Structure formats: C-alpha cells, structure tokens
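Reading through the structure tokens given below for one structure.
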Amino acid sequence: MLLFGGVNEVNGDPLTYKVVGDTVTIKDCKETASGALAIPSIYEGKPVTRIGDWAFYGCTKLTSATIPDSVTGIGYAAFSKCGSLKSIDVGEANTEYSSEDGVLFDKNKTVLIHFPAG
Numbered sequence: 015m016l017l018f019g020g021v022n023e024v025n026g027d028p029l030t031y032k033v034v035g036d037t038v039t040i041k042d043c044k045e046t047a048s049g050a051l052a053i054p055s056i057y058e059g060k061p062v063t064r065i066g067d068w069a070f071y072g073c074t075k076l077t078s079a080t081i082p083d084s085v086t087g088i089g090y091a092a093f094s095k096c097g098s099l100k101s102i103d104v105g106e107a108n109t110e111y112s113s114e115d116g117v118l119f120d121k122n123k124t125v126l127i128h129f130p131a132g
C-alpha cells in the first residue's frame, strides 16, 4: 500500500514492513507469530534499520528474536507483552545494540532495553 511521499507499507507474513526511501522499519508482527523469529537484514533490496514502537506487542507465542546488524533503532515497548519470549539475540557487528544471555542491551551494555519474561 503506497501511503505518501515514497512511504510504502507492505504485509509480509508475519511482519509488516514500512519502506521509507532507502530504509525499512518493522512496523508490526501478527500476534499469531510463534517460535523463533529472525528479523531479516534486507527487505526488497533495502536494509531493515528499525524496529518500530510496539512492533511485537502481544506476540505471546514468540519464543526468541534475532536482531540483525543492520538494525540501528528499536522503538518504544517493541517487545512488550511477549510472555513466551525467552531470548533476544543481536548480531555481533551491530553498532547500537548487544545481547547477553538473551537479554537486550545498548551496545556498551550500560542500558537494559528488554529482559525477556519467558
């Protein structure tokens, strides 16, 4: 669906992508998503650079998420209400984020971003 000014929103099972110019944001995830989810680093030839606010909200069957090196922004409460989420793993070369024992931190591990409840 073409929105405005080159913004395109596309549903890709189970993720919804928002394409703006040369970058892509994960906007939403279907609540029926389950198991391990690897967020792609590229979508339609463009880098996935952001996970939007509330993107995975209520995905109660999601057990793990892998964030690629290309993601440099994670929105507010992106993984809220994911009761089965046990781990979030981040690519080693990611410049903004890191993970340890499945817990999501900023790159320097000085800011806790999300501690999975599962």
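Just so you know, we're using our numbering here: the sequence shown kicks off at 15 and counts up by one. The C-beta atom is built at its ideal place from N, Cα and C for all residues, glycine as well. Here the structure is a predicted model, which means the values were calculated and not measured.
Bridge partners for residue 49 per DSSP, in chain order? As a working note, residue 49 is residue 35 in the sequence shown. Partner(s): 76.
Proximal residues to residue 91 (C-beta, below 7 Å), its chain only, five neighbours per side dropped: Counting from 1 along the sequence shown, the entry for residue 91 is found at position 77. Once the five neighbours on either side are set aside, the close Cβ partners of residue 91 are 67, 68, 71.
Span of the beta strand (DSSP E) holding residue 101? Against the sequence shown, residue 101 aligns to sequence position 87. Looking at the DSSP string, the run of the beta strand (DSSP E) that includes residue 101 is 101-104.
Per the DSSP calculation, residue 93 is bridged to which residue(s)? The residue given as residue 93 occupies position 79 in the sequence shown. Paired residue(s): none; residue 93 is not in a bridge.
Where residue 120 falls, given that 16 or more other Cβ within 10 Å makes a residue buried: Within the sequence shown, numbered from 1, the residue matching residue 120 stands at position 106. Exposed, since its Cβ has fewer than 16 Cβ neighbours within 10 Å.
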